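*Asks:*
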Amino acid sequence: MNLFDLTGKTALVTGSSRGLGRGMAEALMEAGASVVIIGTKESIHDLAEDYRKSGYACQGLVADLGSRDGAAKAYHESAAILHAPPDILVNAAGVQRRHPAEDFPMEDWDTVMAVNLEAVFILCQLAGRDMLARGRGKIINVASMMSFFGGITIPAYAASKGGLTQLTKALANEWTGRGVCVNAIAPGYMATDMNTRLLQDPKRNQEILGRIPAGRWGTPDDMKGITVFLASSASDYVSGAIIPVDGAYLAR
């Protein structure tokens, strides 16, 4: 038996138009899953079409995860596209806002919390209900190095990712014994659009690289193996874990 085979499984992946979410969605497709990819722009449909042309089972969905109604609508529309509730939920959508803490606008705080934490809970709750009814399911949340560190000028992001790790553990405590595994991946410093400012800052870039034993920034491809592992039967006894994918950054 191939423990990592996802043939016949269905998945919903938020934040999958680019970056880490796209890499994670690709991994699930490559392992055989049918995937609904969610983004904020109509171009998500073009991306899904490109995947279908490459032989993968993929459909796109435009959604606004910045509102409670939008998050719930995204889940129900995805289930309709898949003709059943998903076997796998990946919460990869995230937003970032940077300001000194003393000047951090409350509207930016609300935006970050809505997408990074509240939408995650709504999607986990809706998927969890369906997975518990079936007695099986895999939920993968995307945490951050800021789940462990406080960061600078990103109080909302740090708070949201800290909350996400605790939410992951809380859901695992309630659902693991009923067949639903809930875990989180904590990416290290990744070469994605969210980190453009850091990549373009020679001083900060060098400081970050100097602490990464792997000697490089991560890429979306570095998320693929752990995603398939957590989505597959290979991880049936893994739940409530926050797994760093960071080139040993935390170990340093």
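Take the sequence shown: its letters are residues 1159 to 1410, numbered as in our numbering.
From the three backbone atoms N, C-alpha and C, an ideal C-beta is built for every residue, glycine too.
Fair warning: this is a prediction, and the values are worked out from it, not measured in the lab.
Rank M1381, M1182, K1382, T1168 by C-alpha distance to the C-alpha of A1238 and give the top, closest one.
*Replies:* Out of M1381, M1182, K1382, T1168, T1168 has the C-alpha closest to the C-alpha of A1238.
*Asks:* For my contact list, V1194 and G1252 are in at a C-beta cut-off of 8 Å; report their separation, rounded to the angstrom.
*Replies:* The pair is not a contact, with the Cβ atoms about 18 Å apart (cut-off 8 Å).
*Asks:* Which one of L1247, K1382, R1410, Y1395 has the shortest CA to CA distance from T1334?
*Replies:* The residue with the shortest Cα to Cα distance from T1334 is Y1395.
*Asks:* Can you give me the C-alpha to C-alpha distance between K1211 and P1258, rounded to a whole angstrom?
*Replies:* Near 46 Å, if we compare the C-alpha coordinates of P1258 and K1211.
*Asks:* If we count the other Cβ atoms within 10 Å of its Cβ and call it buried at 16 or more, is M1264 buried or exposed?
*Replies:* That one is exposed.
*Asks:* Distance, Cα to Cα, Q1324 vs A1221?
*Replies:* Straight-line Cα distance between these residues: approximately 26 Å.
*Asks:* Output yes or no for whether 9 Å exceeds the beta carbon distance between T1326 and A1316.
*Replies:* No, they are not a contact pair.
*Asks:* Grab me the residues of I1312's own chain with a C-beta within less than 8 Å of its C-beta, minus the 5 sequence neighbours each way, in chain order.
*Replies:* The residues are Q1254, R1255, R1256, M1304.
*Asks:* According to the Cβ coordinates, are A1272 and L1223 closer than 9 Å?
*Replies:* Going by C-beta atoms, A1272 is nearer than 9 Å to L1223.
*Asks:* Is there contact between the region 1188-1207 and the region 1162-1178, where contact requires at least three CB pairs shorter than 8 Å?
*Replies:* Short answer: they touch.
*Asks:* Using three-state DSSP, classify I1239 as helix, strand or coil.
*Replies:* Helix.
*Asks:* How many angstroms separate the CA atom of L1388 from the CA atom of G1228?
*Replies:* C-alpha separation (whole angstroms): 26 Å.
*Asks:* Going along the chain, which residues of its own chain have a beta-carbon closer than 8 Å to the beta-carbon of A1406, five neighbours each way excluded?
*Replies:* Within the same chain, A1406 has close Cβ partners I1370, P1371, A1372.
*Asks:* Expressed to the nearest angstrom, what Euclidean distance is found between the alpha-carbon atoms of I1298 and V1248?
*Replies:* Between I1298 and V1248, the C-alpha separation is close to 5 Å.
*Asks:* Considering Cα atoms alone, identify which of E1276, S1393, T1377 is closest to R1226.
*Replies:* Closest by alpha carbon: E1276.
*Asks:* Please give the ranges of any alpha helix (DSSP H) in the region 1160-1234, keeping only runs that are unbroken, at least 4 residues long and fully inside the region.
*Replies:* Counting whole runs of 4 or more residues, the region 1160-1234 contains the alpha helix (DSSP H) stretches 1177-1188, 1201-1211.
*Asks:* Hey, how far is the Cα of D1245 from the Cα of K1361?
*Replies:* Rounded to the nearest angstrom, the two C-alpha atoms are 44 Å apart.
*Asks:* Please state whether DSSP places G1295 in a helix, a strand or coil.
*Replies:* If DSSP states are grouped into helix, strand and coil, G1295 belongs with the strands.
*Asks:* I think A1206 touches K1382, with their Cβ atoms under 8 Å apart; what is that distance to the nearest whole Å?
*Replies:* The pair is not a contact, with the Cβ atoms about 18 Å apart (cut-off 8 Å).
*Asks:* Alpha carbon to alpha carbon, how far is D1266 from A1314?
*Replies:* Cα to Cα, the separation comes out at about 8 Å.
*Asks:* Along the beta strand (DSSP E) that carries A1344, what are the first and last residues, could you check?
*Replies:* Where A1344 is concerned, the enclosing beta strand (DSSP E) stretches over 1338-1345.
*Asks:* G1213 and H1203: beta carbons closer than 9 Å?
*Replies:* Going by C-beta atoms, G1213 is not nearer than 9 Å to H1203.
*Asks:* Let me check understanding here. Comparing Cα to Cα, which of D1268, D1208, L1240, A1250 lies closest to G1197?
*Replies:* Among D1268, D1208, L1240, A1250, the Cα nearest to that of G1197 is on A1250.
*Asks:* With I1366 as the anchor, note down where its alpha helix (DSSP H) starts and where it stops.
*Replies:* Here the alpha helix (DSSP H) through I1366 covers 1360-1369.
*Asks:* Spatial neighbours of T1377 within its chain, please: C-beta separation below 8 Å, excluding the five flanking residues on both sides.
*Replies:* Counting only Cβ-Cβ distances below 8 Å, and skipping sequence neighbours, we find G1181, M1348, A1349.
*Asks:* Verify whether the separation of the beta carbon atoms of A1344 and D1268 is less than 9 Å.
*Replies:* Not closer than 9 Å, so no.
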